[in-house]
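Remarks on the structure that follows.
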(Lines of atoms letter the chains of each structure in order from A and count residues from 1; the text may use other names and numbers.)
(Lines give C-alpha, C1' and ligand atoms only; values in the text may rest on other atoms or scores of the structure.)
Protein backbone atom coordinates (compact mmCIF):
# COMPACT_ATOMS: atom_id res chain seq x y z
CA UNK A 1 0.00 0.00 0.00
CA UNK A 2 1.49 3.36 -1.00
CA UNK A 3 1.66 6.48 1.17
CA UNK A 4 -1.20 8.15 -0.69
CA UNK A 5 -3.54 5.20 -0.13
CA UNK A 6 -2.67 5.12 3.58
CA UNK A 7 -3.40 8.86 3.91
CA UNK A 8 -6.66 8.60 1.97
CA UNK A 9 -7.85 5.77 4.22
CA UNK A 10 -6.96 7.75 7.35
CA UNK A 11 -8.91 10.78 6.13
CA UNK A 12 -12.00 8.74 5.23
CA UNK A 13 -12.00 6.97 8.62
CA UNK A 14 -11.27 10.13 10.64
CA UNK A 15 -13.65 10.92 13.51
CA UNK A 16 -11.67 13.65 15.27
CA UNK A 17 -14.48 16.21 14.97
CA UNK A 18 -17.80 14.79 16.27
CA UNK A 19 -19.73 17.91 15.21
CA UNK A 20 -18.63 17.53 11.60
CA UNK A 21 -19.17 13.77 11.47
CA UNK A 22 -22.68 14.24 12.87
CA UNK A 23 -23.46 16.97 10.34
CA UNK A 24 -22.16 14.94 7.39
CA UNK A 25 -24.32 11.98 8.42
CA UNK A 26 -27.34 14.25 8.84
CA UNK A 27 -26.92 15.55 5.28
CA UNK A 28 -26.72 11.96 4.04
CA UNK A 29 -30.13 11.17 5.49
CA UNK A 30 -31.88 14.52 5.04
CA UNK A 31 -31.16 14.72 1.32
CA UNK A 32 -32.18 17.54 -0.97
CA UNK A 33 -35.07 16.75 -3.31
CA UNK A 34 -32.87 16.74 -6.42
CA UNK A 35 -30.74 13.88 -5.05
CA UNK A 36 -33.34 12.09 -2.95
CA UNK A 37 -32.72 8.68 -4.55
CA UNK A 38 -28.92 8.83 -4.37
CA UNK A 39 -26.60 7.27 -1.81
CA UNK A 40 -24.55 10.02 -0.17
CA UNK A 41 -20.88 9.57 0.67
CA UNK A 42 -21.39 11.18 4.09
CA UNK A 43 -17.77 10.87 5.29
CA UNK A 44 -14.60 13.02 5.23
CA UNK A 45 -13.58 13.75 1.64
CA UNK A 46 -9.89 13.26 0.67
CA UNK A 47 -8.11 15.18 -2.06
CA UNK A 48 -7.51 13.68 -5.49
CA UNK A 49 -5.43 14.11 -8.61
CA UNK A 50 -1.93 13.57 -9.94
CA UNK A 51 0.56 12.55 -7.23
CA UNK A 52 3.33 13.97 -9.43
CA UNK A 53 1.47 17.29 -9.45
CA UNK A 54 3.34 20.57 -9.60
CA UNK A 55 0.14 22.52 -8.93
CA UNK A 56 -2.21 22.18 -5.95
CA UNK A 57 -5.66 23.78 -5.86
CA UNK A 58 -7.25 24.16 -2.41
CA UNK A 59 -10.72 25.12 -1.27
CA UNK A 60 -12.11 25.39 2.24
CA UNK A 61 -14.35 22.33 2.60
CA UNK A 62 -16.50 19.90 0.58
CA UNK A 63 -19.98 21.13 -0.38
CA UNK A 64 -22.95 19.66 1.45
CA UNK A 65 -24.51 18.23 -1.72
CA UNK A 66 -21.29 18.17 -3.74
CA UNK A 67 -18.29 16.37 -2.27
CA UNK A 68 -20.25 15.18 0.77
CA UNK A 69 -22.65 13.50 -1.67
CA UNK A 70 -20.23 12.24 -4.33
CA UNK A 71 -17.10 11.53 -2.26
CA UNK A 72 -14.83 13.76 -4.37
CA UNK A 73 -13.99 17.42 -3.84
CA UNK A 74 -15.62 19.97 -6.17
CA UNK A 75 -17.67 17.19 -7.74
CA UNK A 76 -21.41 17.44 -8.29
CA UNK A 77 -21.95 21.07 -7.26
CA UNK A 78 -22.15 24.39 -9.09
CA UNK A 79 -18.80 25.66 -7.85
CA UNK A 80 -17.19 22.51 -9.25
CA UNK A 81 -19.09 22.89 -12.52
CA UNK A 82 -17.55 26.30 -13.08
CA UNK A 83 -14.12 25.30 -11.77
CA UNK A 84 -13.76 22.40 -14.21
CA UNK A 85 -14.92 24.50 -17.15
CA UNK A 86 -12.01 26.80 -16.30
CA UNK A 87 -9.52 23.96 -15.76
CA UNK A 88 -10.49 22.29 -19.03
CA UNK A 89 -10.19 25.61 -20.84
CA UNK A 90 -6.69 25.98 -19.37
CA UNK A 91 -5.85 22.41 -20.50
CA UNK A 92 -5.47 21.22 -16.91
CA UNK A 93 -8.29 18.65 -16.95
CA UNK A 94 -9.34 16.28 -19.70
CA UNK A 95 -13.01 17.29 -19.49
CA UNK A 96 -15.09 20.30 -18.53
CA UNK A 97 -17.30 18.61 -15.93
CA UNK A 98 -17.06 16.63 -12.72
CA UNK A 99 -20.27 14.75 -11.90
CA UNK A 100 -19.18 11.67 -9.96
CA UNK A 101 -16.07 9.69 -9.08
CA UNK A 102 -16.48 7.42 -12.10
CA UNK A 103 -16.95 10.13 -14.74
CA UNK A 104 -13.49 9.68 -16.31
CA UNK A 105 -12.01 12.93 -15.03
CA UNK A 106 -8.21 13.17 -15.17
CA UNK A 107 -5.99 16.02 -14.03
CA UNK A 108 -2.75 17.05 -15.69
CA UNK A 109 -0.06 17.56 -13.03
CA UNK A 110 -2.67 18.94 -10.59
CA UNK A 111 -3.94 17.85 -7.18
CA UNK A 112 -7.17 19.26 -5.71
CA UNK A 113 -8.09 19.23 -2.04
CA UNK A 114 -9.70 21.20 0.79
CA UNK A 115 -8.25 22.60 4.00
CA UNK A 116 -11.12 20.93 5.88
CA UNK A 117 -12.12 17.41 4.88
CA UNK A 118 -15.71 17.58 6.19
CA UNK A 119 -18.52 20.03 5.46
CA UNK A 120 -19.08 22.37 8.45
CA UNK A 121 -22.52 23.69 9.44
CA UNK A 122 -23.09 27.07 7.80
CA UNK A 123 -19.74 26.69 6.03
CA UNK A 124 -18.13 27.94 9.25
CA UNK A 125 -15.52 25.59 10.74
CA UNK A 126 -14.36 25.94 14.32
CA UNK A 127 -10.70 26.65 15.01
CA UNK A 128 -10.13 23.26 16.65
CA UNK A 129 -11.61 21.53 13.59
CA UNK A 130 -9.17 23.33 11.31
CA UNK A 131 -6.35 22.36 13.66
CA UNK A 132 -7.45 18.71 13.62
CA UNK A 133 -7.37 18.69 9.82
CA UNK A 134 -4.10 20.57 9.44
CA UNK A 135 -2.04 17.39 9.77
CA UNK A 136 -3.79 15.89 6.74
CA UNK A 137 -3.07 19.02 4.71
CA UNK A 138 0.56 18.81 5.84
CA UNK A 139 0.77 15.18 4.67
CA UNK A 140 -0.81 16.02 1.32
CA UNK A 141 1.78 18.71 0.70
CA UNK A 142 4.60 16.38 1.78
CA UNK A 143 3.31 13.65 -0.56
CA UNK A 144 3.51 15.99 -3.55
CA UNK A 145 7.26 15.93 -4.03
CA UNK A 146 7.14 18.04 -7.21
CA UNK A 147 4.78 20.70 -5.87
CA UNK A 148 5.66 24.24 -6.97
CA UNK A 149 2.46 26.28 -6.89
CA UNK A 150 -0.65 26.46 -4.68
CA UNK A 151 -3.84 28.22 -5.80
CA UNK A 152 -6.13 29.05 -2.87
CA UNK A 153 -9.79 29.39 -3.83
CA UNK A 154 -11.30 32.05 -1.59
CA UNK A 155 -10.03 34.09 1.33
CA UNK A 156 -10.77 31.50 4.01
CA UNK A 157 -8.74 28.82 2.22
CA UNK A 158 -6.00 31.40 1.57
CA UNK A 159 -5.89 32.50 5.23
CA UNK A 160 -5.77 28.94 6.53
CA UNK A 161 -3.02 27.98 4.10
CA UNK A 162 -1.03 30.93 5.46
CA UNK A 163 -1.74 29.81 9.03
CA UNK A 164 -0.38 26.39 8.17
CA UNK A 165 2.85 27.89 6.80
CA UNK A 166 3.22 30.31 9.71
CA UNK A 167 2.93 27.45 12.17
CA UNK A 168 5.31 25.10 10.38
CA UNK A 169 7.89 27.57 9.08
CA UNK A 170 7.59 30.50 11.51
CA UNK A 171 7.23 33.08 8.73
CA UNK A 172 6.21 36.63 9.69
CA UNK A 173 5.64 38.09 6.22
CA UNK A 174 2.34 39.92 5.65
CA UNK A 175 -0.10 38.22 3.26
CA UNK A 176 -3.13 40.05 1.85
CA UNK A 177 -5.82 38.27 -0.15
CA UNK A 178 -6.13 39.81 -3.60
CA UNK A 179 -7.18 37.88 -6.69
CA UNK A 180 -4.13 36.96 -8.77
CA UNK A 181 -1.62 38.13 -6.14
CA UNK A 182 1.42 35.83 -5.85
CA UNK A 183 3.48 35.16 -2.75
CA UNK A 184 6.66 33.16 -2.24
CA UNK A 185 6.43 30.38 0.33
CA UNK A 186 9.16 28.31 2.01
CA UNK A 187 10.42 25.40 -0.05
CA UNK A 188 10.50 27.42 -3.27
CA UNK A 189 6.72 27.32 -3.62
CA UNK A 190 4.37 30.05 -4.83
CA UNK A 191 0.93 30.81 -3.39
CA UNK A 192 -1.67 32.47 -5.64
CA UNK A 193 -4.84 34.02 -4.23
CA UNK A 194 -7.95 33.32 -6.29
CA UNK A 195 -11.63 34.19 -5.92
CA UNK A 196 -13.78 31.18 -5.09
CA UNK A 197 -15.67 29.75 -8.10
CA UNK A 198 -18.99 30.05 -6.25
CA UNK A 199 -22.30 30.70 -8.03
CA UNK A 200 -22.49 34.04 -6.23
CA UNK A 201 -19.12 35.19 -7.59
CA UNK A 202 -20.01 33.94 -11.07
CA UNK A 203 -23.51 35.43 -11.12
CA UNK A 204 -22.34 38.83 -9.84
CA UNK A 205 -19.49 38.75 -12.38
CA UNK A 206 -16.79 39.01 -9.77
CA UNK A 207 -15.18 36.27 -11.85
CA UNK A 208 -15.68 34.89 -15.35
CA UNK A 209 -14.33 32.04 -17.44
CA UNK A 210 -11.63 34.08 -19.18
CA UNK A 211 -10.39 35.59 -15.93
CA UNK A 212 -10.11 32.22 -14.18
CA UNK A 213 -8.65 30.49 -17.23
CA UNK A 214 -5.86 33.07 -17.39
CA UNK A 215 -5.07 32.66 -13.68
CA UNK A 216 -4.77 28.87 -14.03
CA UNK A 217 -2.61 29.20 -17.14
CA UNK A 218 -0.24 31.47 -15.18
CA UNK A 219 -0.25 29.05 -12.26
CA UNK A 220 0.63 26.20 -14.62
CA UNK A 221 3.46 28.23 -16.16
CA UNK A 222 4.88 28.98 -12.68
CA UNK A 223 4.86 25.26 -11.97
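In our numbering, the protein residues as written are 3 to 225. For each residue, glycine too, the CB sits at the ideal point set by N, CA and C.
Please report the distance separating the alpha-carbon of residue i from that of residue j.
i, j, result
"residue 121", "residue 43", "12 angstroms"
"residue 14", "residue 91", "31 angstroms"
"residue 142", "residue 178", "24 angstroms"
"residue 117", "residue 64", "9 angstroms"
"residue 67", "residue 170", "33 angstroms"
"residue 220", "residue 12", "33 angstroms"
"residue 76", "residue 153", "14 angstroms"
"residue 191", "residue 148", "10 angstroms"
"residue 157", "residue 83", "20 angstroms"
"residue 126", "residue 168", "21 angstroms"
"residue 140", "residue 225", "19 angstroms"
"residue 176", "residue 160", "13 angstroms"
"residue 19", "residue 46", "10 angstroms"
"residue 211", "residue 101", "19 angstroms"
"residue 227", "residue 193", "The chain is shown only over 3 to 225; residue 227 falls outside these bounds and no answer can be derived."
"residue 207", "residue 213", "10 angstroms"
"residue 105", "residue 162", "31 angstroms"
"residue 205", "residue 134", "34 angstroms"
"residue 155", "residue 78", "17 angstroms"
Grab the span of the alpha helix (DSSP H) containing residue i for me, first residue to last.
i, result
"residue 88", "80-91"
"residue 146", "Residue 146 -> no alpha helix (DSSP H), and no H or E assigned at all."
"residue 217", "211-224"
"residue 169", "157-171"
"residue 204", "201-205"
"residue 27", "20-31"
Output the boundary residues of the beta strand (DSSP E) element that contains residue i.
i, result
"residue 185", "184-187"
"residue 1", "No information on residue 1 is available, as it lies outside the stretch 3 to 225 that the chain covers here."
Using alpha carbons as the reference points, say which of the options lies closest to residue i.
i, options, result
"residue 88", "22, 59, 69, 171", "59"
"residue 41", "64, 155, 69", "69"
"residue 138", "115, 107, 198", "115"
"residue 216", "85, 72, 37, 71", "85"
"residue 62", "132, 184, 101", "132"
"residue 74", "108, 212, 34, 57", "108"
"residue 185", "201, 164, 202", "164"
"residue 150", "223, 48, 204", "223"
"residue 48", "21, 78, 16", "16"
"residue 218", "201, 130, 119, 112", "112"
"residue 129", "9, 22, 8", "22"
Cutting at 7 angstroms between CB atoms, please list the residues of its own chain near residue i, excluding the five before and the five after it.
i, result
"residue 231", "The structure shown has nothing for residue 231, since the chain only spans 3 to 225."
"residue 6", "53, 145"
"residue 173", "167, 188"
"residue 136", "166"
"residue 30", "42, 44"
Report all residues from its chain with a CB closer than 8 angstroms to the CB of residue i; omit the five preceding and five following residues, and keep chain order.
i, result
"residue 110", "52, 93, 94, 95, 96"
"residue 37", "67, 71"
"residue 103", "72, 73, 74, 77"
Take residue i and list the residues in its own chain whose beta-carbon comes closer than 6 angstroms to its own, dropping the five residues that flank it on each side.
i, result
"residue 27", "44"
"residue 25", "123"
"residue 34", "67"
"residue 203", "197, 209"
- Message: Could you tell me which whole alpha helix (DSSP H) segments of length 4 or greater appear in the stretch 40-73?
- Response: 69-72
- Task: Only counting runs of 3 or more residues, tell me where the beta strand (DSSP E) segments fall wholly within the stretch 92-148, in order along the chain.
- Result: 112-116
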